[in-house]
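J.: Position one of the sequence shown corresponds to residue 58 (our numbering), numbered consecutively onward.
Even for Gly, the Cβ is constructed at its ideal location relative to N, Cα and C.
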Amino acid sequence: MRLGASGAIVDGAWCPGDVEIADGRVAAVGLPAARGGRIAIPGLVDLLCHGYAGVDLASASVEEVATVRAAAARDGTTALCPSLITDDPGRTAAALARLDKARTRDAPGAHLLGAHLEGPFLSPARIGTHPPEHRRDPDPALLARLLDAGRVDVVTLAPELPGAGALVDLLRARGVVVSAGHSDADTSAAHAAIDRGVRAVTHLHNAMSGLEHRTPGLAAVALTRPEVVPTLIGDGHHVAPEMLRLAAAAAPGRWALVTDATAATGMPDGPFRLAGVPVTLADGTVRNAAGGLAGAAAPLVRGVRTAVGAGVGLVAAVGAATTVPARLLGRRDVGRLTPGVAADLVLLEDTLSVTRVFVEGREVDQQATTE
Numbered sequence: 058m059r060l061g062a063s064g065a066i067v068d069g070a071w072c073p074g075d076v077e078i079a080d081g082r083v084a085a086v087g088l089p090a091a092r093g094g095r096i097a098i099p100g101l102v103d104l105l106c107h108g109y110a111g112v113d114l115a116s117a118s119v120e121e122v123a124t125v126r127a128a129a130a131r132d133g134t135t136a137l138c139p140s141l142i143t144d145d146p147g148r149t150a151a152a153l154a155r156l157d158k159a160r161t162r163d164a165p166g167a168h169l170l171g172a173h174l175e176g177p178f179l180s181p182a183r184i185g186t187h188p189p190e191h192r193r194d195p196d197p198a199l200l201a202r203l204l205d206a207g208r209v210d211v212v213t214l215a216p217e218l219p220g221a222g223a224l225v226d227l228l229r230a231r232g233v234v235v236s237a238g239h240s241d242a243d244t245s246a247a248h249a250a251i252d253r254g255v256r257a258v259t260h261l262h263n264a265m266s267g268l269e270h271r272t273p274g275l276a277a278v279a280l281t282r283p284e285v286v287p288t289l290i291g292d293g294h295h296v297a298p299e300m301l302r303l304a305a306a307a308a309p310g311r312w313a314l315v316t317d318a319t320a321a322t323g324m325p326d327g328p329f330r331l332a333g334v335p336v337t338l339a340d341g342t343v344r345n346a347a348g349g350l351a352g353a354a355a356p357l358v359r360g361v362r363t364a365v366g367a368g369v370g371l372v373a374a375v376g377a378a379t380t381v382p383a384r385l386l387g388r389r390d391v392g393r394l395t396p397g398v399a400a401d402l403v404l405l406e407d408t409l410s411v412t413r414v415f416v417e418g419r420e421v422d423q424q425a426t427t428e
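1) Could you check the C-alpha separation between Pro-396 and Leu-170 for me, to the nearest Å?
2) Under DSSP, the alpha helix (DSSP H) around His-248 begins and ends at which residues?
3) Identify which residue in His-168, Leu-338 and Asp-75 has its Cα closest to the Cα of Arg-419.
4) Starting from Glu-406, trace the beta strand (DSSP E) in both directions and tell me its first and last residue.
5) Whole angstroms are fine: how far does the CA of Ser-180 sit from the CA of Arg-59?
6) With Ala-128 as the anchor, note down where its alpha helix (DSSP H) starts and where it stops.
7) Tell me, to the nearest whole angstrom, how far the beta carbon of Gly-368 is from that of Arg-271; I am working on the premise that it is less than 8 Å.
8) Please report the straight-line C-alpha distance between Arg-225 and Ala-215, rounded to a whole angstrom.
9) Check whether the segment 308-319 and the segment 387-394 are in contact - that is, three or more C-beta pairs closer than 8 Å.
10) Should Trp-312 be labelled buried (16 or more other beta-carbon atoms within 10 Å of its own) or exposed?
11) My assumption, with CB atoms under 8 Å, is that Arg-256 sits in contact with Val-235. Please give the rounded CB distance.
12) Just the C-alpha distance for Gly-100 and Ala-347, rounded to the nearest angstrom, thanks.
13) Going by Cα to Cα distance, which pick from Pro-328, Thr-213, Gly-93 and Gly-370 is closest to Ala-351?
14) Taking the beta strand (DSSP E) that Val-67 belongs to, which residues open and close that run?
15) Between Leu-203, Arg-183, Gly-220 and Pro-177, which lies nearest to His-191 when the distance is taken from Cα to Cα?
16) Provide the residue span of the beta strand (DSSP E) that contains Asp-75, from first to last.
17) Indicate the three-state DSSP secondary structure (helix, strand or coil) for Val-296 in the structure shown.
18) Considering only the beta carbon of each residue, do Thr-379 and Val-102 sit closer than 8 Å?
19) Taking only runs that begin and end inside the segment 276-322, name each unbroken alpha helix (DSSP H) of 4 or more residues, in chain order.
20) Flag this pair as yes or no: are the beta carbons of Arg-413 and Leu-404 separated by less than 8 Å?
21) By DSSP, does His-270 sit in helix, in strand, or in coil?
22) Three or more C-beta pairs under 8 Å: does that hold for the segment 108-120 against the segment 248-268?
23) Between Asp-407, Ala-364 and Val-315, which has its C-alpha nearest Ala-353's C-alpha?
24) Classify Pro-195 as buried or exposed, calling it buried when 16 or more other Cβ atoms lie within 10 Å of its own Cβ.
25) Please check the pair Glu-203 and Ala-150, which I expect to be a contact at CB under 8 Å, by giving their CB distance rounded to whole angstroms.
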């Protein structure tokens with residue numbers, strides 16, 4: 058089947074022409090272009106998704122996880138890391154076990170990657186909306202318990218905390234990506250963490266010190282260390298669009314877009330919960346009772362549009378939501394568009410709105426897209 062594209066992003070480069078899929082895989086690229094200016098891109102990969110369509114993944118049943126997968130896919134996200142903020146360790150372990158069960162279900166929608174544990178080993182000074190009563194100092198036994206409860210692909214922690222180095226070592230030994238975030242690390246602590254094995258930074262500029270010319274801190278170090286993937290929330294509220302352009306210029310080919318999506322994503326304004334914490338969606342932002350940002354409510358494709366609107370090239374913006382996160386996870390089966398790979402694809406209008414989505418060659422129902 059031909060997609061009807063005028064061009065495609067293939068292996069990180071612009072390729073004029075249409076794309077054909079057959080038997081669930083990409084069969085050919087560079088075919089005679091269709092009219093209309095539509096663009097085929099790899100399915101988007103979200104490293105940080107706490108919920109969607111009214112469902113909070115911290116408390117979601119197996120059936121509700123399927124709702125998240127279907128809703129995310131309608132918006133062009135074909136693979137996601139279900140993400141859990143700081144919570145009671147028993148509840149986190151139970152959520153990980155439920156996610157493992159959901160992962161075995163052949164439900165339509167986005168691929169369910171390993172979980173992203175955002176906490177509980179965070180800085181008390183940068184805790185944000187995370188429940189402070191459940192924050193923990195580094196505890197290898199607790200971390201091992203959580204890793205044993207279910208599949209985990211990413212852990213966000215504050216690397217400057219005493220004993221955090223032992224957690225980094227444990228995570229690396231278990232094949233888990235270590236990301237620094239909700240951190241008060243200064244410049245030297247940030248460099249030391251990367252030297253030890255931290256390979257990403259969670260929602261750059263949020264819940265960390267700002268860019269200072271004499272005391273640059275974690276954000277600046279992340280932009281200057283070539284082995285690190287700085288991730289940014291591209292909803293237009295968490296960072297100014299210029300910060301996306303700065304990341305693209307300072308870290309070409311290694312910065313990533315994430316959503317930090319909550320249950321409010323795709324829903325009308327109103328109250329929601331984030332791992333039990335009351336939050337409210339109003340005018341496109343999700344806020345806690347104190348008025349601070351508390352996750353987001355925009356799909357990943359909006360981050361791509363925001364980046365392009367800020368002056369980032371289309372190929373770079375799409376790469377930040379596909380190939381870069383996939384590479385960070387060591388996955389070659391998601392976030393790619395090239396002959397022979399699974400047909401996880403998104404067809405965009407020339408306005409970069411989603412018009413068609415395919416997961417393993419099966420078209421996703423587009424009747425209820427967020428965008």
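T.: Reading it off the structure:
1) 23 Å
2) Here the alpha helix (DSSP H) through His-248 covers 244-253.
3) His-168
4) No beta strand (DSSP E) contains Glu-406, which DSSP labels as neither H nor E.
5) 50 Å
6) 119-131
7) At roughly 28 Å, the Cβ-Cβ gap does not stay under 8 Å, so Gly-368 and Arg-271 are not in contact.
8) Residue 225 is actually Val in this sequence, not Arg. Whole-angstrom Cα-Cα distance: 10 Å.
9) no
10) Its Cβ being crowded by 16 or more others within 10 Å, Trp-312 is buried.
11) The beta carbons of Arg-256 and Val-235 sit about 6 Å from each other, so the pair counts as a contact at 8 Å.
12) Rounded to whole angstroms, Gly-100 to Ala-347 spans 36 Å at the Cα level.
13) Ranking Pro-328, Thr-213, Gly-93 and Gly-370 by Cα distance to Ala-351 puts Pro-328 first.
14) 64-67
15) Pro-177
16) Bounds of the beta strand (DSSP E) holding Asp-75 are 75-79.
17) coil
18) It is a contact, given that the beta carbons lie within the stated cut-off.
19) 298-307
20) yes
21) coil
22) no
23) Val-315
24) Burial call: buried.
25) Checking the sequence shown, residue 203 turns out to be Leu, not Glu. Rounded, the Cβ-Cβ distance is 6 Å, consistent with contact.
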